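Numbering (this note's numbering), first residue to last: 7 to 166. Cβ atoms here follow ideal geometry from the backbone N, Cα and C, with glycine treated the same way. Since we're looking at a predicted model, the values are computed, not measured.
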C-alpha cells in the first residue's frame, strides 16, 4: 500500500476533497496510536474523505529535551506502519524553532487550509502549538470538528 507524503504546512491543500486527521509525534506505533489512527481511517472511509496523519521530524521532544529523546522507530518504519494502517496522506512537518514558536491559533488555521480537515481525532489531553496552548476548542474555532478518543485500556491501565 502506498502513502502520499507532504512536507509543507503553508502550501495550499492537495485537493479540495476534505479530510479527517490526527496529529502527534507517533514515535512508536503502539496499540493506543493504532486505535487512534484506525478511527481516523475508518471515519474517513465511511465519509468519502482522505485520512491524514500530521507528524513531525524530528519529534518535538528532540528540540525541547534532546538528552531524553529516544527514537523508537525510524522515519521509514513510521511511514511504512502508517501505510499499513491504511492512511491516505501524511503531512510530515520539520519540527524546528519556527514551528515551535507558531501560535496554536495560527497553526490550526494553517492546518485547516492545508488539509481541508472536516474533523479530527486525538488521544486524551491532546495539546499543540506554542507552549501547548492549543486544544480541541482551538481546532473547533477553525471549523474542524475535533474529538477525543477514549483511552485504550489494557487490564484497566490506560495505554498512552
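Buried/exposed call for residue i, threshold 16 Cβ in 10 Å
| i | result |
| --- | --- |
| residue 161 | exposed |
| residue 70 | exposed |
| residue 114 | buried |
Anticipated Cβ contact below 8 Å, residue i with residue j, distance rounded
| i | j | result |
| --- | --- | --- |
| residue 78 | residue 33 | 5 Å |
| residue 99 | residue 62 | 5 Å |
| residue 43 | residue 28 | 6 Å |
| residue 135 | residue 110 | 3 Å |
DSSP three-state assignment for residue i, whether helix, strand or coil
| i | result |
| --- | --- |
| residue 46 | helix |
| residue 160 | strand |
| residue 131 | coil |
| residue 31 | coil |
| residue 87 | helix |
| residue 100 | strand |
Sub-8 Å separation of residue i and residue j beta-carbons
| i | j | result |
| --- | --- | --- |
| residue 122 | residue 52 | no |
Sheet register partners of residue i (DSSP bridge)
| i | result |
| --- | --- |
| residue 56 | 25 |
| residue 140 | 134 |
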